[in-house]
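Only one structure is covered here, and it is reproduced in the block below.
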Amino acid sequence: MMNYLKMAYRNLGRNRRRSILSAFALSIGLALVLFIAAFFKGEMRSSMESTLRLDSGHIQIRAADYDPDKLSVAWEYLIENPEQVATQVETLPQVQVATPRLIASGIVAVGDESSGVQIMGVDPASSANDPYRQGLVSGDFLAADDREGILIGVPLAENLNLKVGDQLNLLVNTSNGNVDEQLFTVRGIFTTGVSTYDKGIVLLPLAKAQAFSGAENRASYIFVLLKDRAQTDAVAAALQSPDYQVKTWQELNEILVLMEDFSNAYLLILNLIVMGVTATVIVNTLVMAVFERTREIGILTAIGMKGRQIIGLFLAEASLLALGGLAFGLLLGWGVSAYFGKVGIYFGDLGISGFYLGDRIYSYLTLEDAINLTIASLIITLLASLYPARLASRMEPVEALHGGD
Amino acid sequence: MEVAKLTDVTRIYKIGEVETRALNGITMTIASGEFTSLVGPSGSGKTTLLQLIGCLDQPTSGQVVINGKETTNLSRNQRADLRKGTIGFVFQFFALIPTLTAYENVEMPLLLNGKNVTDRKKRVMDLLAAVDMTSHAHHRPDQLSGGQQQRVAVARALAPKPTMILADEPTANLDTENGEQVMGLMQTLNKDTGTTFVFATHDPRVIKYARRVVTLQDGLIVDDKKNK
Numbered sequence: 003m004m005n006y007l008k009m010a011y012r013n014l015g016r017n018r019r020r021s022i023l024s025a026f027a028l029s030i031g032l033a034l035v036l037f038i039a040a041f042f043k044g045e046m047r048s049s050m051e052s053t054l055r056l057d058s059g060h061i062q063i064r065a066a067d068y069d070p071d072k073l074s075v076a077w078e079y080l081i082e083n084p085e086q087v088a089t090q091v092e093t094l095p096q097v098q099v100a101t102p103r104l105i106a107s108g109i110v111a112v113g114d115e116s117s118g119v120q121i122m123g124v125d126p127a128s129s130a131n132d133p134y135r136q137g138l139v140s141g142d143f144l145a146a147d148d149r150e151g152i153l154i155g156v157p158l159a160e161n162l163n164l165k166v167g168d169q170l171n172l173l174v175n176t177s178n179g180n181v182d183e184q185l186f187t188v189r190g191i192f193t194t195g196v197s198t199y200d201k202g203i204v205l206l207p208l209a210k211a212q213a214f215s216g217a218e219n220r221a222s223y224i225f226v227l228l229k230d231r232a233q234t235d236a237v238a239a240a241l242q243s244p245d246y247q248v249k250t251w252q253e254l255n256e257i258l259v260l261m262e263d264f265s266n267a268y269l270l271i272l273n274l275i276v277m278g279v280t281a282t283v284i285v286n287t288l289v290m291a292v293f294e295r296t297r298e299i300g301i302l303t304a305i306g307m308k309g310r311q312i313i314g315l316f317l318a319e320a321s322l323l324a325l326g327g328l329a330f331g332l333l334l335g336w337g338v339s340a341y342f343g344k345v346g347i348y349f350g351d352l353g354i355s356g357f358y359l360g361d362r363i364y365s366y367l368t369l370e371d372a373i374n375l376t377i378a379s380l381i382i383t384l385l386a387s388l389y390p391a392r393l394a395s396r397m398e399p400v401e402a403l404h405g406g407d
Numbered sequence: 383m384e385v386a387k388l389t390d391v392t393r394i395y396k397i398g399e400v401e402t403r404a405l406n407g408i409t410m411t412i413a414s415g416e417f418t419s420l421v422g423p424s425g426s427g428k429t430t431l432l433q434l435i436g437c438l439d440q441p442t443s444g445q446v447v448i449n450g451k452e453t454t455n456l457s458r459n460q461r462a463d464l465r466k467g468t469i470g471f472v473f474q475f476f477a478l479i480p481t482l483t484a485y486e487n488v489e490m491p492l493l494l495n496g497k498n499v500t501d502r503k504k505r506v507m508d509l510l511a512a513v514d515m516t517s518h519a520h521h522r523p524d525q526l527s528g529g530q531q532q533r534v535a536v537a538r539a540l541a542p543k544p545t546m547i548l549a550d551e552p553t554a555n556l557d558t559e560n561g562e563q564v565m566g567l568m569q570t571l572n573k574d575t576g577t578t579f580v581f582a583t584h585d586p587r588v589i590k591y592a593r594r595v596v597t598l599q600d601g602l603i604v605d606d607k608k609n610k
């Protein structure tokens, strides 16, 4: 084995530039698949985290008849005494925070400009609203007893040319099916980092939202965040009650979960294409080596080297090329992924509704992906190298010996 | 004792629709310890005959028996096994592996024969000493002259202690002095070790070393005589 590796190493040194270029092609290929994997993982992770943090939470407790598509605040769709329910939920040790939220549909109008929005009534004291509180770019967060204040996102403020202290007219569909309107003052402007989300939502204190929409002491759901997402099913089971619907984040985000599966399948195809192309470079190098060394193969065969030993010799060459190339590719892929994991890649608002993707995507390379993709690249390269290796092993000694003539 | 016995051996090469009859019913035997030269003009079939004796090729018809073993129906790997322990080769071109040193080139057949490191080292150093190449043991082929390379090739051919060494135009690319040296070396080794040598040549300087001269023409043996 050592002798094969020694010969393989020296053979690679015969055409150093070609060997280095081939190994480098493998490096680039692996770095590329690692970065693509890290990018997709980062994208899905960002989207899932944004969705859980801003929209769905880990669990939602809703009234038995609640229909999220209607955005209706009709009483039959709402949960009564929501603060009491939330307090009870918070007693579970796995629960980090539980808070009532009231969701209503509305329209923001400023002068001739208007924009359809989702009005979210929140308990300003709850830590579940930290993404908005910490994302304030100007102004202050809402106070629980504020009756005229409203919080809006940066894109909405830009679209309607609003700043802190400006007034806007908000129309809401009320519980009894009418439309009400009121002037609100912009108390603060926030960004959650997800423009798609920020452009379509306004925040009111829960009490004001309840009064304004006629929901009274009711909320659309209890938004629950857990200390550990893995506890979701256990907590959901503990919360089951005939009076409520208990929805887990998987049920609330079926499309996102499906998209993650789809993106994994898509990624697999993409990876196979990139690895296939790079393996072709290695095959090409080895095929050239086989034809250049035809006479040597003849000599080795003449002195008694068997077909499988010739295969071993060329596979040793492929292994060295692959190990060198992949080691550098791993380093390169990890480096690039780590860099963009830190600074992110700015995409802005991609305008994909219902898909809360951050404006900046941070690549995220997992150890599992790094190991799996490196091993897969090695296996594909070695499998591809079998072709030139077998080509060499099947040469007739007489023909091979005259190959250099 | 016969190391090679050929019976009515024919070898026809087919290139496209054209058939070339390289050997046309050769029957001959080579006894152990012979120092035999196959001579004849280009295209007479010397190299083809050598390749068939060396199990590098298979006859179109006829029988080739090496060390009492019928080789005609052997697989590629079985032929490789037979060559590995029985037959050594010295080629016209200096057929050393360019990435290996002189030492490693001589060691290669021993590795293929599964010899341990101690046995290998002793055998290689003995052989390099026998061909007067000890001082160049760690030189690569491109650091050796043609004559030196051919001496290393002879040492390599002898390494697995074969019963027969086949040499195809071993002096063709050497000057007179180096050619004489290599032939003298092969003659000495033949006498000292009893190894059978068969070489194809049309170089009269080489033929004088042979004790038996087999002359081929148009794929047939036209003369087979002892050399005085």
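Sequence order for the protein chains is A and B. Numbering of the first sequence is given in the numbering used here, commencing with residue 3 and proceeding in unit increments. Numbering of the second sequence is given in the numbering used here, commencing with residue 383 and proceeding in unit increments. Note that beta-carbon positions come from the ideal geometry of N, C-alpha and C, so glycine has one too. Given the structure is predicted, the values throughout are model-derived calculations rather than measurements.
Query raised in the report: Under 8 Å Cβ-Cβ, which residues of chain A neighbour B/R465?
Result: Counting from 1 along the second sequence, the entry for residue 465 of chain B is found at position 83. The answer, in chain order, is A304, I305 and G306.
**Report entry** Cross-strand partners of B/K396 (DSSP beta bridge)
**Finding:** By 1-based counting over the second sequence, the position of residue 396 of chain B is 14. According to DSSP, which records beta bridges pairwise, B/K396 is partnered with B/E401.
Query raised in the report: Exposed or buried, what is A/K229 when buried is set at 16 or more other beta-carbons lying within 10 Å of its beta-carbon?
Result: Numbered from 1 along the first sequence, position 227 holds the residue referred to as residue 229 of chain A. Per the 10 Å Cβ criterion, exposed.
Report task. Measure from the alpha carbon of A/D317 to the alpha carbon of each residue in A/V124, A/K165, A/V289 and A/L332, then state which is nearest. Result -> Numbered from its first residue, the first sequence carries residue 317 of chain A at position 315. The identity of residue 317 of chain A in the sequence shown is Leu, whereas the question assumes Asp. When only C-alpha atoms are compared, the closest one is A/V289.
Requested in this report: Return the chain-ordered list of same chain residues with a C-beta closer than 6 Å to the C-beta of B/V604, the five sequence neighbours on each side being excluded.
Outcome: Reading the second sequence from its first residue, position 222 is the one you call residue 604 of chain B. The residues are T597.
Query raised in the report: Whose C-beta lies closer than 8 Å to the C-beta of B/S424 among residues of the same chain, with five residues either side of it excluded?
Result: Reading the second sequence from its first residue, position 42 is the one you call residue 424 of chain B. Excluding residues within five positions, the ones whose Cβ falls inside 8 Å are H584.
Query raised in the report: What's the gap between the Cα of B/K503 and the Cα of B/L388?
Result: The residue you call residue 503 of chain B lines up with position 121 of the second sequence. The residue you call residue 388 of chain B lines up with position 6 of the second sequence. Computed Cα separation, rounded: 36 Å.
Requested in this report: Tell me, please, whether the CB atom of B/D501 is closer than 7 Å to any CB atom in chain A?
Outcome: Within the second sequence, numbered from 1, the residue matching residue 501 of chain B stands at position 119. Taking Cβ atoms only, chain A never reaches closer than 7 Å to B/D501, which makes this a no.
Requested in this report: On the DSSP bridge assignment, give the partners of A/Q136 in chain order.
Outcome: The residue given as residue 136 of chain A occupies position 134 in the first sequence. In DSSP, A/Q136 forms no bridge with anything.
Report task. Round the Cβ separation of B/S426 and B/D606 to the nearest angstrom and send it over; I've been treating them as touching at under 8 Å. Result -> Stepping through the second sequence from its first residue, residue 426 of chain B is reached at position 44. Stepping through the second sequence from its first residue, residue 606 of chain B is reached at position 224. That pair is no contact at about 14 Å.
Query raised in the report: According to the neighbour-count rule (16 or more other Cβ atoms, all chains shown, within 10 Å of its Cβ), is A/A146 buried or exposed?
Result: Taking the first residue of the first sequence as position 1, residue 146 of chain A is located at position 144. Exposed, since its Cβ has fewer than 16 Cβ neighbours within 10 Å.
**Report entry** CB contact below 7 Å: B/L493 versus chain A
**Finding:** By one-based count along the second sequence, residue 493 of chain B stands at place 111. Taking Cβ atoms only, chain A reaches closer than 7 Å to B/L493, which makes this a yes.
Requested in this report: With a cut-off of 8 Å on the beta carbons, I'd call A/L302 and A/I312 a contact; round off their distance for me.
Outcome: As a working note, residue 302 of chain A is residue 300 in the first sequence. As a working note, residue 312 of chain A is residue 310 in the first sequence. With 8 Å as the limit, A/L302 and A/I312 qualify as a contact, their Cβ atoms being about 7 Å apart.
Requested in this report: Could you run through the stretch 271-284 of chain A and flag, in chain order, every residue whose CB is less than 9 Å away from some CB of chain B?
Outcome: none
Query - Neighbour list for A/M9 in chain B, Cβ cutoff strictly below 8 Å - result: Position 7 of the first sequence, counting from 1, holds the residue named residue 9 of chain A. Near A/M9 (Cβ distances below 8 Å), the residues of chain B are I479, T481 and L482.
Report task. Check each residue of the stretch 9-28 of chain A: if its Cβ is closer than 8 Å to any Cβ of chain C, include it; give the result in chain order. Result -> In the displayed structure, chain C is absent; the protein chains listed are A and B.
**Report entry** Sufficient close CB pairs (3 or more, under 8 Å) joining the stretch 118-131 of chain A to the stretch 97-104 of chain A
**Finding:** yes
Query raised in the report: Are the CB atoms of B/P480 and B/P523 nearer to each other than 7 Å?
Result: Start at 1 with the first residue of the second sequence, and residue 480 of chain B comes out as number 98. Start at 1 with the first residue of the second sequence, and residue 523 of chain B comes out as number 141. Yes.
Query raised in the report: In chain B, which residues lie less than 8 Å from A/N5 when you measure between Cβ atoms?
Result: Numbered from 1 along the first sequence, position 3 holds the residue referred to as residue 5 of chain A. Per Cβ cutoff of 8 Å: L493.
Requested in this report: At 4 residues or longer, and completely inside the stretch 150-186 of chain A: list those alpha helix (DSSP H) runs for me, N to C.
Outcome: 156-161
Report task. Please say whether A/S379 and A/D320 have beta carbons closer to each other than 7 Å? Result -> In the first sequence, the residue the question calls residue 320 of chain A occupies position 318. In the first sequence, the residue the question calls residue 379 of chain A occupies position 377. Reading the sequence as shown, one finds Ala at residue 320 of chain A and not Asp. Cβ distance not < 7 Å, so A/A320 and A/S379 don't count as in contact.
Query raised in the report: Which bits of chain A does B/R458 rub up against, with CB to CB less than 7 Å?
Result: Numbered from 1 along the second sequence, position 76 holds the residue referred to as residue 458 of chain B. Result: G309.
Query - Within-7 Å CB hit, A/V338 to chain B - result: As a working note, residue 338 of chain A is residue 336 in the first sequence. Chain B, which has no Cβ nearer than 7 Å to the Cβ of A/V338, makes this no.
Query raised in the report: Per DSSP, A/R362 is paired with what?
Result: The sequence position of residue 362 of chain A within the first sequence is 360, counting from 1. A/R362 pairs with A/Y348.
Query raised in the report: Between B/N572 and B/F417, which are expected to be in contact by the criterion C-beta below 8 Å, what is the C-beta distance as a whole number of angstroms?
Result: As a position in the second sequence, residue 572 of chain B is number 190, starting the count at 1. As a position in the second sequence, residue 417 of chain B is number 35, starting the count at 1. Indeed, because the Cβ distance is near 5 Å, the residues count as touching under 8 Å.
Report task. Would you tell me roughly how many angstroms separate the C-alpha atoms of B/I448 and A/V283, rounded to the nearest one? Result -> Here residue 448 of chain B refers to the residue found at position 66 when the second sequence is read from its first residue. Here residue 283 of chain A refers to the residue found at position 281 when the first sequence is read from its first residue. In a straight line, the C-alpha of B/I448 is about 44 Å away from that of A/V283.
Report task. Indicate whether A/R189 and A/G151 have their beta-carbon atoms separated by less than 7 Å. Result -> Walking along the first sequence from the start, residue 189 of chain A turns up at place 187. Walking along the first sequence from the start, residue 151 of chain A turns up at place 149. Closer than 7 Å, so yes.
Query raised in the report: Whole-angstrom Cβ separation of B/M507 and B/T500, contact assumed at under 8 Å?
Result: Here residue 507 of chain B corresponds to residue number 125 of the second sequence, with the count starting at 1. Here residue 500 of chain B corresponds to residue number 118 of the second sequence, with the count starting at 1. Actually they do not touch by this definition, with Cβ atoms about 11 Å apart.
Report task. Less than 8 Å between the CB atoms is what I'm expecting for A/T280 and A/A27, so what's the real figure, rounded? Result -> Taking the first sequence and counting its residues from 1, one reaches residue 280 of chain A at position 278. Taking the first sequence and counting its residues from 1, one reaches residue 27 of chain A at position 25. Going by Cβ atoms, the distance from A/T280 to A/A27 rounds to 5 Å, so yes, they are a contact pair.
Report task. Sort B/L493, B/V488, B/M546 and B/T577 by Cα distance to B/V534 and report the nearest one. Result -> In the second sequence, the residue the question calls residue 534 of chain B occupies position 152. Selected option, being the one with the closest Cα: B/V488.
Query - Residue(s) in a DSSP beta bridge with B/T583 - result: For the purposes of this step, residue 583 of chain B is taken as residue 201 along the second sequence, with counting starting at 1. Per DSSP, B/V421.
Report task. Please report how far the alpha carbon of A/D407 lies from the alpha carbon of A/V292, in whole angstroms. Result -> Position 405 of the first sequence holds residue 407 of chain A. Position 290 of the first sequence holds residue 292 of chain A. With a pLDDT of 46 at A/D407, under the threshold of 50, the modelled position of this residue cannot be trusted; read the value that follows with caution. Going from the Cα of A/D407 to the Cα of A/V292 covers about 15 Å.
Query raised in the report: Listed in chain order, which residues of the stretch 317-333 of chain A have Cβ atoms closer than 9 Å to some Cβ of chain B?
Result: none
Report task. Whole angstroms is fine: what's the gap from A/A239's alpha carbon to A/Q96's? Result -> Working through the first sequence from its first residue, we reach residue 239 of chain A at position 237. Working through the first sequence from its first residue, we reach residue 96 of chain A at position 94. When rounded, the distance between both Cα atoms is 12 Å.
Query raised in the report: Closer than 8 Å, Cβ to any Cβ of chain A: which residues of the stretch 429-440 of chain B, in chain order?
Result: Q433, G436, L438 and D439
Query raised in the report: Just to confirm, are A/V35 and A/L260 a CB contact at a threshold of 7 Å?
Result: As a working mapping, residue 35 of chain A is identified with position 33 in the first sequence. As a working mapping, residue 260 of chain A is identified with position 258 in the first sequence. Going by C-beta atoms, A/V35 is not nearer than 7 Å to A/L260.
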